[in-house]
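Basically our numbering = 1-based index in the sequence shown + 410. Reviewing the structure listed below.
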Amino acid sequence: VRGMCMGSPEILKLVENCPKASPPSPELVKKVQNLYHK
């Protein structure tokens, strides 16, 4: 996540598919944390 630019297709897809005003699932939090710490 850290190395992706804001125009990245992966980031855009994640944002578009995320339900509005819903808290992140524990699975999503763990995946993002793992990506961030790589």
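A virtual CB, placed ideally from N, CA and C, is assigned to each residue, including glycine. Keep in mind it's a predicted model, so treat the numbers as computed, not measured.
- DSSP places K423 within a helical segment (H, G or I) once states are collapsed to three.
- Between the C-alpha atoms of K441 and P433 there is a straight-line separation of about 15 Å.
- When secondary structure is reduced to three states using DSSP, P433 falls in the coil class, being assigned neither helix nor strand.
- Residue state for K440 is assigned as helix, using DSSP reduced to three classes.
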